[in-house]
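Novice: Read in order, the letters of the sequence shown are residues 1 to 74 in the UniProt record's numbering.
Next up is a structure, given as structure tokens.
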Amino acid sequence: FSSVEEFDLFDCNDNYIFDRAVKQLGVLADNEMFSLEPAYIFGGEIKIENLSKVDCQIHLMILRELSSPNIIGF
């Protein structure tokens, strides 16, 4: 299995954001993910106050319609 640190993001203060998001917004359901508002591809900043819980499938379909995927390596 992978560690959380491999997939967690850093906020603007270089702190991991996932655990704080869970504390603030609650545990995710099977079909949910945390999303930045505005989306990162549109200049959204990685800040805890910019996060919301969204339906994964709907959110990713909308993002795909708005921008080509950018595949990154870990």
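We treat Cβ as the ideally placed atom computed from N, Cα and C, and that holds for glycine.
1) Name the two residues that bound the continuous alpha helix (DSSP H) containing E65.
2) Leaving aside the five residues before and after K47 along the sequence, list all residues of the same chain whose C-beta is less than 7 Å from its C-beta, in chain order.
3) Nearest to L63 by CA position, among S35, F18, K23, is which residue?
4) Assuming I17 and D8 are in contact, meaning their beta carbons sit under 8 Å apart, how far apart are those beta carbons, in whole angstroms?
5) How should L51 be labelled, buried or exposed, when 16 other C-beta atoms within 10 angstroms of its C-beta is the threshold for buried?
Specialist: Let me spell this out:
1) For the purposes of this step, residue 65 is taken as the residue at position 65 of the sequence shown. Counting along the chain, the alpha helix (DSSP H) containing E65 begins and ends at 56-66.
2) Translated into positions along the sequence shown, residue 47 becomes position 47. Correct list, in chain order: D11, C12.
3) For the purposes of this step, residue 63 is identified with residue 63 of the sequence shown, where counting begins at 1. Comparing Cα positions, the closest option is S35.
4) Within the sequence shown, numbered from 1, the residue matching residue 17 stands at position 17. Within the sequence shown, numbered from 1, the residue matching residue 8 stands at position 8. About 7 Å separates the two Cβ atoms, so the contact holds.
5) For the purposes of this step, residue 51 is taken as residue 51 along the sequence shown, with counting starting at 1. Buried, since its Cβ has 16 or more Cβ neighbours within 10 Å.
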